[in-house]
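I have placed the structure first, in the form of structure tokens, so that the comments after it can refer back to it.
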Amino acid sequence: MEYTILKPSTEGTVVLLTISRPSALNALNTRFFEEMDHFITTIAADPGIRALIITGEGKAFVAGADIAEMVGKSPEEARAFSAVGQKVFNRLGDLPFPVIAAINGFALGGGMELAMACDFRIASANARFGQPEVNLGLIPGYAGTQRLPRLTNLADALYLLTTGEVIDAETALRMRLVQKIAQPEELLDEAKRLAVLIASKGPLAVKLVKEVTRKGLEMSFHDAEKLEQNHFGDPFGNEGKEGMTAFLEKRKPNW
Ligand code: CO8
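Here the sequence shown is numbered in the numbering used here, starting from 4 and rising by one per residue.
Following this line, the structure appears as structure tokens:
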């Protein structure tokens with residue numbers, strides 16, 4: 004059967020991507036990763052885009068990788084499925100503008116890993132988070148074991164990964180897994196407000212600050228400082244000149 008899982012819509016310079024397979028609580032299957040990979044290629048090439056919001060249709064953000072698709076896989080096939088997912092999620096992190104997860108409901112397993120691959124997360128007050136892979140005799144395969152301790156800390160990560168406990172939005176906020184909580188009916192408006200706010204900033208500066216911050220975390224402090232120093236010079240003479248001149252002339256910058 005032909006169907007589409009991803010529904011993109013564009014408002015100005017902000018793209019809203021809705022994962023739409025509600026009958027399976029938006030579980031991630033091969034088709035999702037094919038569509039997502041293609042979608043990322045398309046938006047990465049569009050210089051007009053300033054932010055991407057990802058949300059889910061129905062009561063789930065994403066309830067995990069598709070268990071029905073995974074159950075028949077051999078160890079080799081499972082490793083290949085993991086590799087595809089890791090590659091696609093890494094490409095989200097490499098997009099030259101911020102990616103905001105607007106978590107409208109269940110973000111479990113691969114769904115929580117997708118949320119963690121985004122730059123930051125806004126949660127609906129009724130969102131639920133967890134890495135329940137151990138309930139299935141599995142471990143995360145889309146870098147959840149790596150992103151979770153980096154976003155929270157080793158003990159909170161191992162607590163969630165070994166118990167499979169499902170936590171509410173307040174607990175996720177306390178663990179710094181999400182940055183904000185919104186009422187369910189206000190979730191998308193809040194995500195859009197933040198995306199529009201980001202879109203009003205210097206586009207080169209936003210791109211650089213994301214790149215330097217993300218890449219720097221994978222380097223020694225000394226090398227990361229050098230990376231920052233190098234890119235600090237990039238906006239001078241163009242966007243930075245306009246931003247600083249506008250400040251001095253008490254007007255809005257014209258990017
Ligand atoms: N995969 C496939 N189908 C799913 C999934 C899923 N992850 N989650 C829900 N569904 C389906 C259900 O089977 C059901 O289908 P049907 O109507 O045909 O029976 C439909 O969605 C609705 O689900 P429920 O009836 O269960 O809805 P409830 O409201 O009763 O429960 C829950 C909601 C609590 C979210 C429940 O659906 C649930 O526990 N889902 C599974 C959550 C889970 O274990 N997620 C982790 C999956 S493993 C994973 O993500 C590993 C990631 C790394 C993979 C790396 C590659 C190898």
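Glycine residues also receive a C-beta, built at the ideal position from the N, C-alpha and C atoms.
Ligand 1 has no heavy atom closer than 6 angstroms to the beta-carbon of Ala110. Remark: the C-beta of Glu37 is outside contact range of ligand 1, defined as less than 6 angstroms to any heavy atom. Non-local C-beta neighbours of Pro152 in its own chain, meaning closer than 6 angstroms and more than five positions away in sequence, comprise Ala160, ordered along the chain. Residue state for Arg124 is assigned as strand, using DSSP reduced to three classes. When DSSP states are grouped into helix, strand and coil, Ile52 belongs to the coil group. Put simply, of Ser203, Met39, Glu193 the residue whose alpha carbon is nearest the alpha carbon of Asn257 is Ser203.
In this structure, the alpha-carbon of Ile22 lies about 44 angstroms from that of Glu252. The criterion of a C-beta distance shorter than 7 angstroms is satisfied by Glu72 and Asn32.
Annotated three-state conformation of Ala130 is coil, per DSSP. In the three-state reduction of the DSSP assignment, Ser223 falls in the coil class, being assigned neither a helical nor a strand state.
Under the three-state reduction of DSSP, Phe35 is assigned to helix.
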